[in-house]
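Below: the structure, in structure tokens.
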Amino acid sequence: MEKSWFIFQSDHHLGPFSTEEVLEMLESGRIDDEVPLWKEGVENWCPLKEFEEFRPVEVVQEEEIFEDPIEITEELPELPEFPPLEDVFLELAEEASEEASEELPDLPELPDLPEEEVPAVENEDFDIPDLPDLPSTPVEIIDEEPTIELPLDDEEDEEEVEEEVFEEVFEEDIQEVPATEVVQEADVLEFNKKEETEKAVEEEPVLDVSDQEVSEDVWSEIETDKKTRKVNYKLVSAVASCFLILVISAYLIYESAQSHVNLDDFSSITIEKVEEIRSSSFTGDVRAEVFMSKNSKELMLATNISHKSKVYLTLTSVSNKTISKNKIVATAMGIAVNGVARFPEVKIVKGDRFASGEYYVQMLAIPIGVEHRAYSYLYSKFELSFLKPKQQLRFRGKSLIYPGTKEDFETSIANYRKKTNEAEAKPLKFIIEGYRTFSSLSTKIYKTYEDVLTSIRRGKEIESFEILYSKNLGPVLQGLILETHKKYKEYDISDPILSKKFEDLLEQGKRVGEMASDMVTMTKKVKRLRKKNRNRLMKLFVKRSLFLHETSKTKMGEIQKSLDNYKL
Numbered sequence: 004m005e006k007s008w009f010i011f012q013s014d015h016h017l018g019p020f021s022t023e024e025v026l027e028m029l030e031s032g033r034i035d036d037e038v039p040l041w042k043e044g045v046e047n048w049c050p051l052k053e054f055e056e057f058r059p060v061e062v063v064q065e066e067e068i069f070e071d072p073i074e075i076t077e078e079l080p081e082l083p084e085f086p087p088l089e090d091v092f093l094e095l096a097e098e099a100s101e102e103a104s105e106e107l108p109d110l111p112e113l114p115d116l117p118e119e120e121v122p123a124v125e126n127e128d129f130d131i132p133d134l135p136d137l138p139s140t141p142v143e144i145i146d147e148e149p150t151i152e153l154p155l156d157d158e159e160d161e162e163e164v165e166e167e168v169f170e171e172v173f174e175e176d177i178q179e180v181p182a183t184e185v186v187q188e189a190d191v192l193e194f195n196k197k198e199e200t201e202k203a204v205e206e207e208p209v210l211d212v213s214d215q216e217v218s219e220d221v222w223s224e225i226e227t228d229k230k231t232r233k234v235n236y237k238l239v240s241a242v243a244s245c246f247l248i249l250v251i252s253a254y255l256i257y258e259s260a261q262s263h264v265n266l267d268d269f270s271s272i273t274i275e276k277v278e279e280i281r282s283s284s285f286t287g288d289v290r291a292e293v294f295m296s297k298n299s300k301e302l303m304l305a306t307n308i309s310h311k312s313k314v315y316l317t318l319t320s321v322s323n324k325t326i327s328k329n330k331i332v333a334t335a336m337g338i339a340v341n342g343v344a345r346f347p348e349v350k351i352v353k354g355d356r357f358a359s360g361e362y363y364v365q366m367l368a369i370p371i372g373v374e375h376r377a378y379s380y381l382y383s384k385f386e387l388s389f390l391k392p393k394q395q396l397r398f399r400g401k402s403l404i405y406p407g408t409k410e411d412f413e414t415s416i417a418n419y420r421k422k423t424n425e426a427e428a429k430p431l432k433f434i435i436e437g438y439r440t441f442s443s444l445s446t447k448i449y450k451t452y453e454d455v456l457t458s459i460r461r462g463k464e465i466e467s468f469e470i471l472y473s474k475n476l477g478p479v480l481q482g483l484i485l486e487t488h489k490k491y492k493e494y495d496i497s498d499p500i501l502s503k504k505f506e507d508l509l510e511q512g513k514r515v516g517e518m519a520s521d522m523v524t525m526t527k528k529v530k531r532l533r534k535k536n537r538n539r540l541m542k543l544f545v546k547r548s549l550f551l552h553e554t555s556k557t558k559m560g561e562i563q564k565s566l567d568n569y570k571l
């Protein structure tokens, strides 16, 4: 069952379907006779009702009845031989007499003809004797055969019925027609035969002309068919598309081969290295190196991979080899053409900024472009070794990403380390000086308290110590505590370790201030300062002063060790 029909519904077509399947869908109401239909060989989509295969059943039956109205179930009798051309007139007369015998009254007997010799028929014109008049109801003789309408109830073939009627009429006419009439009609028929022979001779060239006209019509139809023959637009469009693709491919391959990367932003030394790497032959080992522009705003990759490819870079800083104190991880993507790729944008994965220095380089190169796609397609079809497309390539190595020479980088990184160490050592120096100051203040505070305590007799006279403390020691201690608290808050987020060191220093300053406050408070509680009370107070606060001094000294030693690591 051939499936060649396509149905268009909404915005898409369905199929293919066979003729039976389409008829089933039409009968089930899934489609109607207006649905667009198409099959191979049809120019456009046409409604279903315009195809003969799907016309309504009633129309088909009418056409079948017209062509073959009654099915022939029995063998038809052999048709009688038709009379020659000269008996045409006789046949017409017989048919007319039969019709008259059925519908009209019997004809009267014809009068006897006079006995005269019939003159010989010559070629010259002569008058045909008049036929006797017929009864008042004449029978009109026409050139066409009379149509006899017969009922179709018995389901007989029309042709069989007509042949039977014709035979009966022919036999009756032969029996009833008088001899004289036959003789006269024979003369007339002989004359008509001669006349028809002459006309046939005269019409012979006309037949030749008609044959010529028929042949001319055939050739004209052939020419018209050539002119109206449809153009195969699919073939034309396919050839045009192939040609256009070839032209575009050749142009793109030429452009890719001629394209270059602008290296004006890079130093001459960098350009020389780039040319050296690009010109090196590729034997399976990938060479690659990353460079930085003179303004330190753009990166460039040089490699010995000649084909066009998309390059992915991952850069990880080498410890203590970058102009940054933090570890840096960055990624970049670019297009490599003729062994050169530029990366105007670098994404920082770890770290605050991208700094120049030494980096571990990981590279992935994926082939792209028209040439690669063409080789991939051809290789998939033919699997020839010389058509094998390029594969993905990887590289791992180390590159110095710096706009200058390696000697310049060594100088720059040394200066950077020096500045960095000084910057990192500065808060440590401040902490050491803070401990030293707090230790000195604790000692001075005790000495001042001891001098005042030996000179007073009552505890309330300690107010003189308060005055001396507030005037000489208190402002220094208060200022140092405030500055330490400020540093503690500054490094609380950026450097938690350093912030903890400032916190310890701040606690040491608070202990010194608490000692001075306790001196005043405990002394005022003693109403009369005897030797015993005086010695007890001195012993208590001398221990606290010594403890603060030793604590400050220990902390200073720890910070000094950290400071020595910077090698200043």
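Numbering (our numbering), first residue to last: 4 to 571.
No residue lacks a Cβ here, since even glycine has one placed at the ideal position from N, Cα and C.
Taking 4 residues as the shortest admissible run, the segment 265 to 307 contains the following complete alpha helix (DSSP H) segments, listed from N- to C-terminal end: 271 to 282. CA-to-CA, the gap between residue 350 and residue 40 works out to about 58 Å.
Residue 363 and residue 356 have their C-alpha atoms roughly 17 Å apart. In the DSSP assignment, residue 408 falls outside any alpha helix (DSSP H) and carries neither an H nor an E. Between the alpha carbons of residue 461 and residue 541 lies a gap of roughly 15 Å.
Here the alpha carbons of residue 366 and residue 311 stand approximately 15 Å from one another.
Closest by C-alpha distance to residue 453, out of 441, 467, 442, is 467. In this chain, residue 394 is not harboured by any alpha helix (DSSP H), its DSSP state being neither H nor E. Of the residues 535, 353, 319, 519, the one whose Cα lies closest to the Cα of residue 472 is 519. For residue 516, the enclosing alpha helix (DSSP H) has its first and last residue at 499 to 528. Sixteen is the threshold: since fewer than 16 other Cβ atoms of the shown chains lie within 10 Å of the Cβ of residue 37, the residue is exposed. Annotation: the continuous alpha helix (DSSP H) that includes residue 556 extends over 534 to 567.
By the neighbour-count criterion, in which a residue is buried when 16 or more other Cβ atoms sit within 10 angstroms of its Cβ, residue 243 is exposed. Listed in chain order, the non-local C-beta contacts of residue 379 below 7 Å within the same chain comprise 392, local neighbours out to five positions each way being set aside. If you check the CB distance, residue 313 and residue 404 do not come in under 8 Å. With a cutoff of 8 Å on beta-carbon distance, residue 504 and residue 562 are scored as near each other. Residue burial annotation: residue 440 is buried, with at least 16 other C-beta atoms found within 10 angstroms of its C-beta.
The C-alpha of residue 361 lies about 14 Å from the C-alpha of residue 419. C-alpha of residue 445 to C-alpha of residue 328: approximately 38 Å in a straight line. Inclusion of residue 326 and residue 353 in the CB contact set at 8 Å is not warranted, their separation being larger than that value. If you draw a straight line from the Cα of residue 236 to the Cα of residue 246, it comes to about 15 Å.
Approximately 6 Å separates the beta-carbon atoms of residue 302 and residue 335; this is inside 8 Å, confirming the contact. Within the same chain, Cβ atoms closer than 6 Å to the Cβ of residue 347 are found at 301, the five residues on either side in sequence being excluded. Taking the Cβ atoms as the reference, residue 400 lies roughly 16 Å from residue 333, outside the contact range of under 8 Å. A distance below 6 Å between beta-carbons, with the five flanking residues on each side excluded, links residue 508 to the following residues of its chain, in chain order: 434, 437, 487. Beta-bridge partners assigned by DSSP to residue 351: 333. DSSP places residue 356 outside any alpha helix (DSSP H), giving it a letter other than H or E.
Taking a C-beta distance under 8 Å as the contact criterion, residue 240 and residue 299 do not qualify as a contact pair. The beta-bridge partner set that DSSP reports for residue 338 consists of 313. Comparing alpha carbon positions, the residue from 565, 269, 402 closest to residue 320 is 402. Look at residue 23 here: in three-state DSSP terms it is helix.
By alpha-carbon distance to residue 250, the top candidate from 373, 282, 315, 269 is 373.
For residue 460, there is no enclosing beta strand (DSSP E), as DSSP marks it with neither H nor E. Judged by their CB atoms, residue 469 and residue 523 are nearer to each other than the 8 Å cut-off. Contact between residue 322 and residue 307 does not hold, since the beta-carbon distance rounds to 29 Å and is not under 8 Å. Take residue 375, set aside five residues on each side of it, and the residues of its chain with a beta-carbon closer than 8 Å to its own are 310, 311, 392, 393, in chain order.
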